[in-house]
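Numbering (the UniProt record's numbering), first residue to last: 1 to 566.
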C-alpha cells in the first residue's frame, strides 16, 4: 500500500481545490447528514429501517435504483474500462443492464413484492427452505462487504487526493460519513440521498464530457486521436462489436457469444434481478405497480449514462499524458482507475472542480450505502433472526440493524485494501459477480419456472455453481487457462450458471419436491395471473405508467443506441 501511495504522489494527481470547492463540499455533507437526521423521525419499526415501510413513490425508487449502482462500479470502473477498451464498454449498459432490468420489472418483481418478503434470501427460504436460504444469506453478506470495500476505496482515494491525508485515514473518515447517515435513517436516508446524488453525479459528468469533447475536437477529433495513438487497436476501441479486446477472446464469434451469454445473460441477469442491493429499492415502493416500474424508470437514464461515463474514459486515454503513456506500456505512476481523476484535474476550473469532487464522493457514498443497507437487512433478518435469536421484539431487531451497520462499515475498511491491489477495479468486481450472482440467478430462474426443483437442489446448486466460478478464476490465475481482459469473468460466470443448472436438475430428479400448495406465488405456473397484472387504477392510471409500455420504449431506445455505436 505504501508503494501505491507513493505512485499517486509521483504522478501529481493532487486535486488543486480552492475555498469555493470546499464550501460546495461542506454544503453537500450538511445536506446528506440532514437527510439522515430527518429520515430518523420516520423510523419506528424494523420495516421502516430496512424497507422504508414500503411507502416510496416509483420515481424516487427508480432514481435510487440507478444511483445505488452509480458507485465505484460506474465512475471508476467504467471510465477505467472506457480508457482501456473503448466503445466495447457500452455492452455493460446496453447488453449487460437494460434487458435484465426490463425482465426484473416485468417478470420477477411481482414475485418479490407480491410474496411480501423482506429480502432476496427470504424469497429463497420460502421457495427452497433453510439450506438454500442459509447458503445464500452467507454468500450475499460476504459479497456486499467486499463490494462495499470497492466503493470505500474509491471514496478514500478522492479524500486522499483532495486533502493529502494518508490512504488509511481517508478510508476510516469516508466510512464514518456513510455510517453516520445510514445508521440514522436506514433505507429511507440512503434512498433520498441516492436521488440527490444522482443529480449531483450527472452535474459532474455532463460538463466533463462536453468540455473533454471540445478539447479533442468533437467526436471525430476523438476518433482521430485514438487512431493516431495506436492504429493497430483503434478499430477494436471504436467499434462495440465483436469486443475481442474486452473479452480477451481472439475469435470474433466466440467473443460475441461471451458478451451475449456470459455478460448479457448470466452476469447481467444475475446482478440486476437477484442483487438485493438493487432489488431492495424496488421492494421499498408503495405498491406492486410502483415496484414493477422502479427498474423500468431507472432503465431510461441508464441508457444515456453510458455516454457520459464511457466517453470521458476514452477522452482521458488520449488527452492526459500520463495515461496515454501508461496505455503504451510505460510506468507513469497511474492506472486506468485514475482516468476520471486525471481528467477532472486537467479540465475543470475551480467551482466546477468542487461540483466534480462532490459528484465523485456522492457516487461512492451512494454505492457504499447501497451495499451497507442491504448487508444489514440480510444479516439481521436472514441470519441473526432466522438462526441465532428468534422471536425477539421488533425493537430488538431495529437495534441489531444499527449495530450491524457499524460492523459492515468496519469490515468494509478491511476489504477496501483488497480493492486497492487491482489496476482496474472492474476486473475485481466482475470476478465477484461471477462468484456470487451467476449461480444465484441460475437457482432463481430454474426454481421460478420449474416447480419440480427441490429444496436440496436449491442449496447444492448454489454451492456447486460458486465452486465452479472460483475454479475457473484459480485456473486462469495459474495460467492453465489463458483469458485476458474480463473474458475470465464471463467464462467463470457461464460455468457457474451451467454447473448450477446441471447439479440442480440432477439433484431434483433424485429428491422429493415441495407440494404445489406451498409454491403458489413463488412459481410462475402455480401463481394466479391476477397477481401478476398491472393495477391501472388511482395513481397508477395512465397508459404511460404501464410496465409493458415502459419496457418497449426503453428496449427500442437501447436498440437504436446499439446501432448508432455499432
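Every residue, glycine too, gets a C-beta built ideally from N, C-alpha and C.
Item, Value
"Jot down the residue ranges of each uninterrupted beta strand (DSSP E) in the region 439-468, minimum 3 residues, whole runs only, in chain order.", "none"
"Kindly list the residues whose CB is nearer than 7 Å to the CB of residue 124, restricted to its own chain and excluding five residues on each side of it in sequence; keep chain order.", "132, 133, 136 and 458"
"Please classify residue 56: does DSSP put it in a helix, a strand, or coil?", "strand"
"Using DSSP's beta-bridge definition, name the partner residues of residue 285.", "56"
"Nearest chain E C-beta to residue 129 closer than 7 Å, yes or no?", "The displayed structure is made up of one protein chain only, and chain E is not part of it."
"Which of the three DSSP states, helix, strand or coil, is assigned to residue 25?", "helix"
"Let me check understanding here. Comparing Cα to Cα, which of 301, 374 and 450 lies closest to residue 505?", "450"
"In its own chain, which residues sit with a C-beta less than 7 Å from the C-beta of residue 261, not counting the 5 before and 5 after it?", "494"
"What are the boundary residues of the alpha helix (DSSP H) that residue 327 is part of?", "321-327"
"Enumerate in chain order the residues of its own chain whose CB-to-CB distance from residue 83 is below 8 Å, with the five nearest sequence positions on each side excluded.", "313, 314, 316, 317, 323, 327, 336 and 339"
"Judging by CA-CA distance, which residue of 267, 565, 544 and 31 is the nearest neighbour of residue 293?", "544"
"Would you mind reading off the limits of the alpha helix (DSSP H) that contains residue 84?", "79-85"
"Would you kindly check if the distance between the Cβ of residue 441 and the Cβ of residue 276 is under 7 Å?", "no"
"Counting C-beta neighbours from all protein chains within 10 Å, is the total for residue 291 16 or more, i.e. buried, or is it exposed?", "buried"
"CB-CB under 8 Å to residue 219, same chain, minus the five flanking residues each way: which ones, in chain order?", "213"
"Below 8 Å on the Cβ atoms is my contact criterion, and I expect residue 572 with residue 378 to pass it. Report the Cβ-Cβ distance as a whole number of Å.", "This structure does not reach residue 572, given that the chain is present from 1 up to 566, and the question cannot be answered."
"Return the CA-CA distance between residue 59 and residue 152, expressed in angstroms with no decimal places.", "27 Å"
"Output the boundary residues of the alpha helix (DSSP H) element that contains residue 244.", "244-247"
"Look at residue 496 and residue 525 and say whether their C-beta atoms are less than 7 Å apart.", "no"
"Per DSSP, what kind of secondary structure is residue 350 in: helix, strand or coil?", "coil"
"Considering residue 558, what are the terminal residues of the alpha helix (DSSP H) in which it resides?", "547-564"
"Compare the C-alpha of residue 210 against each of 225, 307 and 405 and name the closest.", "307"
"Measuring straight from C-alpha to C-alpha, what distance separates residue 380 and residue 393?", "13 Å"
"Excluding the 5 residues flanking residue 463 on each side, which residues of the same chain have their C-beta closer than 7 Å to its C-beta?", "135"
"Pull up the distance between the alpha-carbon of residue 9 and that of residue 548, whole angstroms please.", "Low confidence applies here, because residue 9 scores a pLDDT of 40, under 50, leaving its location unreliable; read the following figure in that light. Computed Cα separation, rounded: 52 Å."
"I'd like to check one pair, residue 126 with residue 522: are the Cβ atoms closer than 7 Å?", "yes"
"Determine whether the beta carbon atoms of residue 363 and residue 177 lie at a separation below 7 Å.", "no"
"Does the Cβ-Cβ distance between residue 503 and residue 491 come in under 7 Å?", "no"
"When the Cα atoms are used, what is the spatial distance from residue 346 to residue 254?", "39 Å"
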